[in-house]
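Working notes, beginning with the structure itself.
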């Protein structure tokens, strides 16, 4: 089928974005990633107006929903390009719009700088100091596993009504990571420090819209992580 | 304080960085993307260590024996001994930093069966060990970035080693992948942890960022490579438009069965032909048997059947397999078998290292899949993550001890234009056709002739021919091993031969690719003078 593909583009080192439209031939089984790769493999990439343009920049690595690299805004919703298929996206209209995630600085086209999530982790001192005995958290194994499955793709922050860069509230990644660590951390001082940090940057700022949980490509039960964090806070 | 550069932030790169920091080094960690995007996150099944948590009297000696047997005696025994005896300590460390290993009801780290091993030895985290390992190691990395021990440079690719006139490395040049800007980094030691040479082949189970460029550059800069012909075809992969999807060995570890339809009946060929190990024979054996039944005996498509497994196993220990098959193949593994075939999965060969993970270039180390050390002719499932972690630790431990070189003269390295995408694709197609599951001399000779023709075009355009040189080394290594052993199966030499119980060493001499055979246990003493 013929699909109209609109991409929000931005050159490296520039601030202005612009839209380009492409006509692509796609099959029902194609993912957005397949389409982008095919476009980039054409010798001369041509827009619908016949303009020759530069290959499209985007991040990808595993091509199978496990690395989070190719997260972008697809038809208005954040998702991984590798697991977003034409058969679902173009059910009503043969149209696709792609844009970079909006809560991170754009590097080039669909590629964004997601280092802010790592910076938050460092600022909040989120690492283990001294682990409890395994028996002490064995029942919480699932929580730790789920938090460890986070792709750090940034989709959750995209839809979060409370997260904006530069503000105090850090969003779901910081909260589930803190929950993971507080489940395992034994050192009292470290626990105190992490509870304080999450009080400042987490729990209080969340209005529980739970958009994060809806868009998470891993399907992580983030609401459970957030309420668990409240629980830990209450027991303190 | 010594300065160490680590290239690559997957399992080997992270463990190397953390270990070098423990030895008081300052680390610059260079990588294309965040650790969450590294190929390591795809590691599914688990990590081997003889913890003996399942009451089967397992021992590090048996782990050693299984690894050596699977590797068909091509791995250095002393290196494997070191690896297998380190393994329990490595797991202990990982548990301490919070890796979510599955546990037994009494709280011990759980272990599962894996191919080529008779004891339950593979520690696991459902079927997503790599992701869980990276999650825990990343937080340790953040801690060390915070205290100033590690500087992270993400969005950079390795360009070349900075070499002294006397042939040792003084650091490396790296290139900003967005702006193209080059940077020179000086260091006492460089650790290469860039993964397998997937980019030289068309479809593999790996990540697109494993382009093989760093290995190719090192090959051209004089590093010795080993056993490049040893390419692991994983028996349970599914080809999609752009890659091979891996169905983890955990599927068989938990009871999955391989079959073909013979006279409309399911024929469980592995169970019939290998009654003792069945579906869990080493990967080279299973892949070749699949090739035999489906291609040579013309029984058609091979299937992996997991439909008989209980819901708890499928939703729990095999969750990642279930999700993958649903998203990409539209198959519910609890209801239908999965059509599978052998697909390129792992490179046992690579940058040759000694037991201390030193390469043939002084002050350069290699660890993880880019290195050739532990796996011989075939790697056991669960030994890749172990090899990457343990290898990184050993490399980091050694690199941080290096002393400053002082001021010495730098040898300039000519910068060449990268070859175009079309030529890269030609290399991939030629290598794929030359190095299938079952090989023969004519096929490989033909591949070599095509590579030589391509080389003339590339040279006439003054493009960098480093990937082509490495590709040639792969094919020549295949031609020179005139026997069948492990992953290297030949139709024209179907038997294993004692004349070839040695390492295929490839290198560049006066611009040409050369191959020589070196004994597996002495190759490591040859020409390695790292303390210059």
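Chains as they are written, first to last, in this note's numbering: chain A, 252 to 487; chain B, 77 to 608. For glycine and all other residues, C-beta sits at the position ideal for the given N, C-alpha and C.
When you compare the CB of residue i with every CB in chain B, is at least one pair closer than 7 angstroms?
i, result
"residue 378 of chain A", "yes"
"residue 386 of chain A", "yes"
"residue 463 of chain A", "no"
"residue 334 of chain A", "yes"
"residue 389 of chain A", "yes"
"residue 435 of chain A", "yes"
"residue 373 of chain A", "yes"
"residue 321 of chain A", "no"
"residue 274 of chain A", "no"
"residue 252 of chain A", "no"
Does the Cβ of residue i lie closer than 6 angstroms to at least one heavy atom of the ligand FMN?
i, result
"residue 462 of chain A", "Inclusion of the ligand FMN in the displayed structure is not the case, the ligand content being empty and no account of it being possible."
Starting from residue i, find everything on chain B with Cβ-Cβ shorter than 9 angstroms and list it in chain order.
i, result
"residue 474 of chain A", "Per Cβ cutoff of 9 angstroms: no residues; residue 474 of chain A is ~20 angstroms from chain B at best."
"residue 293 of chain A", "Near residue 293 of chain A there are no residues of chain B at all, since even the closest Cβ is about 11 angstroms away, more than 9 angstroms."
"residue 421 of chain A", "By Cβ distance, chain B contributes nothing, its closest Cβ being about 14 angstroms from residue 421 of chain A, past 9 angstroms."
Going along chain A, which residues have a C-beta under 9 angstroms from residue i?
i, result
"residue 432 of chain B", "Under the 9 angstroms cutoff, chain A gives no residues; its nearest Cβ is about 29 angstroms from residue 432 of chain B."
Looking at residue j and residue i, is the spacing between their C-beta atoms short of 7 angstroms?
i, j, result
"residue 121 of chain B", "residue 363 of chain B", "no"
"residue 426 of chain A", "residue 477 of chain A", "yes"
"residue 305 of chain A", "residue 352 of chain A", "no"
"residue 290 of chain B", "residue 270 of chain B", "yes"
"residue 305 of chain B", "residue 557 of chain B", "yes"
"residue 591 of chain B", "residue 548 of chain B", "no"
"residue 126 of chain B", "residue 134 of chain B", "yes"
"residue 416 of chain B", "residue 378 of chain B", "yes"
"residue 404 of chain B", "residue 455 of chain B", "no"
"residue 614 of chain B", "residue 432 of chain B", "Since the first residue of chain B shown is 77 and the last is 608, residue 614 of chain B is not available in this structure."
"residue 457 of chain B", "residue 174 of chain B", "no"
"residue 112 of chain B", "residue 399 of chain A", "no"
"residue 389 of chain B", "residue 322 of chain B", "no"
"residue 429 of chain B", "residue 442 of chain B", "yes"
"residue 438 of chain A", "residue 383 of chain A", "no"
"residue 230 of chain B", "residue 107 of chain B", "yes"
Quick check: is the beta carbon of residue i nearer than 7 angstroms to any beta carbon in chain A?
i, result
"residue 188 of chain B", "no"
"residue 113 of chain B", "yes"
"residue 494 of chain B", "no"
"residue 218 of chain B", "yes"
"residue 179 of chain B", "yes"
"residue 520 of chain B", "no"
"residue 270 of chain B", "no"
"residue 183 of chain B", "yes"
"residue 312 of chain B", "no"
"residue 117 of chain B", "yes"
"residue 608 of chain B", "Caution applies to residue 608 of chain B, whose pLDDT of 32 falls short of 50 and renders its modelled position unreliable; the model cannot decide the point."
"residue 222 of chain B", "yes"
Any idea if residue i is buried or exposed, counting beta-carbon neighbours within 10 angstroms, 16 or more meaning buried?
i, result
"residue 256 of chain B", "exposed"
"residue 137 of chain B", "exposed"
"residue 484 of chain B", "exposed"
"residue 279 of chain A", "exposed"
"residue 253 of chain A", "exposed"
"residue 552 of chain B", "buried"
"residue 89 of chain B", "buried"
"residue 488 of chain A", "Residue 488 of chain A is absent from the model: chain A starts at 252 and stops at 487."
"residue 498 of chain B", "exposed"
"residue 266 of chain A", "exposed"
"residue 579 of chain B", "buried"
"residue 93 of chain B", "buried"
"residue 393 of chain B", "buried"
Could you name the residues of chain B that residue i contacts, counting a contact when the two beta carbons are closer than 7 angstroms?
i, result
"residue 359 of chain A", "254"
"residue 488 of chain A", "One cannot answer for residue 488 of chain A here, as it falls past the ends of chain A, which runs 252 to 487."
"residue 392 of chain A", "176, 179"
Could you list which residues in chain A have their beta carbon closer than 7 angstroms to that of residue i, in chain order?
i, result
"residue 400 of chain B", "315"
Report the neighbours of residue i on chain A: residues whose CB is nearer than 8 angstroms to its CB, in chain order.
i, result
"residue 132 of chain B", "What residue 132 of chain B touches in chain A: nothing, since even the nearest Cβ is about 21 angstroms away."
"residue 251 of chain B", "Correct list: empty, because the minimum Cβ distance to chain A is about 14 angstroms."
Output, in chain order, the set of chain B residues within a Cβ distance shorter than 8 angstroms of residue i.
i, result
"residue 312 of chain A", "109, 113, 114, 115, 283, 284, 285"
"residue 285 of chain A", "317, 318"
At 4 residues or longer, what runs of the alpha helix (DSSP H) sit wholly inside the segment 486-535 of chain B? Entirely contained in the segment 486-535 of chain B, the alpha helix (DSSP H) runs reaching 4 residues are, in chain order, 497-510.
Short of 9 angstroms Cβ to Cβ, which residues in the segment 538-555 of chain B face chain E? The displayed structure is made up of protein chains A and B, and chain E is not among them.
Give the list of continuous alpha helix (DSSP H) stretches no shorter than 4 residues that lie fully inside the segment 411-477 of chain B. The segment 411-477 of chain B contains these whole alpha helix (DSSP H) runs: 459-475.
Identify every run of the beta strand (DSSP E) within the segment 292-343 of chain B, keeping only runs that are complete inside it and at least 3 residues long; order them along the chain. Fully enclosed beta strand (DSSP E) runs of 3 or longer: 307-315, 320-322, 333-338, 341-343.
Contained alpha helix (DSSP H) runs [length at least 4] in the segment 367-397 of chain B, N- to C-terminal order: Segments of the alpha helix (DSSP H) lying fully in the segment 367-397 of chain B: 387-391.
Threshold first: 3 residues or longer. Then list the beta strand (DSSP E) segments lying entirely within the segment 140-173 of chain B, N to C. Taking only runs of at least 3 residues, no beta strand (DSSP E) segment lies wholly in the segment 140-173 of chain B.
Just to confirm the assignment: which complete beta strand (DSSP E) runs, minimum length 3, are found wholly within the segment 206-236 of chain B? Counting whole runs of 3 or more residues, the segment 206-236 of chain B contains the beta strand (DSSP E) stretches 226-230.
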